[in-house]
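Structure record follows, encoded as structure tokens.
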Amino acid sequence: MDNNNDILDSDLESTGTSKQEEIIISENKFMFLCFISFGLYQVWWIYKAWRFFQQRENLDIIPAARAIFSIFFLHGLFERILSYASSKGYGKVFSPTSNYFGYILVSLLSRLPEPFWLITLMNFTFLIPAFRALNFAKMNSSDIRATFQNDFTGRQIALISFGGVFWFLVIAGLFFTDPALRNL
Numbered sequence: 003m004d005n006n007n008d009i010l011d012s013d014l015e016s017t018g019t020s021k022q023e024e025i026i027i028s029e030n031k032f033m034f035l036c037f038i039s040f041g042l043y044q045v046w047w048i049y050k051a052w053r054f055f056q057q058r059e060n061l062d063i064i065p066a067a068r069a070i071f072s073i074f075f076l077h078g079l080f081e082r083i084l085s086y087a088s089s090k091g092y093g094k095v096f097s098p099t100s101n102y103f104g105y106i107l108v109s110l111l112s113r114l115p116e117p118f119w120l121i122t123l124m125n126f127t128f129l130i131p132a133f134r135a136l137n138f139a140k141m142n143s144s145d146i147r148a149t150f151q152n153d154f155t156g157r158q159i160a161l162i163s164f165g166g167v168f169w170f171l172v173i174a175g176l177f178f179t180d181p182a183l184r185n186l
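Below is the structure:
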């Protein structure tokens, strides 16, 4: 009898009646996490986006490698997100090429002298249109159960703590070091 239940359960799972669960965070939380973590959260978000498409489309890719080497794969991710969001009724259009080059250009500003290199921390602004589009698509997809996350998770709190300590060290270094020592 238990064997029959196993057969029925496997049939239900194979028909695809269960929805994929996806966690959605707000745009403000996304921007805060990107800024406070000095861009580490961006890498995590890019990884999660590639992993979403890998699972959804059965892609033969390594999402972690695509996140780490995003300079080579970010444009493709933007195009994939825009295409998927458009198929779910997303009416806004953003330029994957412009956002890609904007992201790369602002990232390259890290070579500027102190304190101007801090401009690089704003490169996440070029991820926001794709972030909005992907969230819209997930919320409007019939095969995804989107859950809005109001509170910070334990990992996010750890990231905020790490970022807070790092921000303290950066600010202390900018204001409390002798300018002559900075060029050594």
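Numbering-wise (this note's numbering), the sequence shown opens with residue 3 and increments by one. Where is the CB? At the ideal position from N, CA and C, for every residue including glycine. Predicted, not measured: the structure shown is a model, and the values here were computed from it.
For residue i, three-class secondary structure by DSSP
| i | result |
| --- | --- |
| Q22 | strand |
| N30 | helix |
| T17 | Its pLDDT being 41, under 50, T17 is placed unreliably in this model, and the coordinates cannot settle the point. |
| G93 | coil |
| N101 | helix |
| F76 | For the record, residue 76 in the displayed sequence is Leu; it is not Phe. Helix. |
Beta strand (DSSP E) segment containing residue i, residue limits
| i | result |
| --- | --- |
| I146 | 146 to 150 |
Proximity of residue i and residue j at Cβ, strictly below 7 Å
| i | j | result |
| --- | --- | --- |
| I162 | I27 | no |
| N137 | Y105 | no |
| I25 | Q158 | no |
| I146 | Q22 | yes |
| P65 | R82 | no |
| A148 | M141 | yes |
| P117 | L176 | yes |
Status (buried if at least 16 other CB within 10 Å, exposed otherwise) for residue i
| i | result |
| --- | --- |
| R113 | exposed |
| L84 | buried |
| G165 | buried |
| I73 | exposed |
| L107 | exposed |
Proximity test, residue i beta-carbon vs the ligand ATP heavy atom, cut-off 6 Å
| i | result |
| --- | --- |
| K90 | For the ligand ATP, the structure offers nothing, since it holds no ligand at all. |
Endpoints, alpha helix (DSSP H) assigned at residue i
| i | result |
| --- | --- |
| I159 | 156 to 177 |
| N2 | Because the chain in this structure spans residues 3 to 186, residue 2 falls outside the shown range and cannot be described. |
| I48 | 42 to 59 |
Nearest-angstrom Cβ-Cβ length linking residue i and residue j, presumed shorter than 8 Å
| i | j | result |
| --- | --- | --- |
| L123 | Y102 | Not quite, the Cβ-Cβ distance comes to about 18 Å (not below 8 Å), so this is no contact. |
| F168 | F40 | 6 Å |
| I63 | Q56 | 5 Å |
| F80 | P98 | 3 Å |
| W119 | L110 | With a Cβ gap of about 10 Å, W119 and L110 do not count as contacting. |
Residue-level contact to chain C via CB, residue i, 7 Å cutoff
| i | result |
| --- | --- |
| L123 | Of the protein chains in the structure, only one exists, and it is not chain C. |
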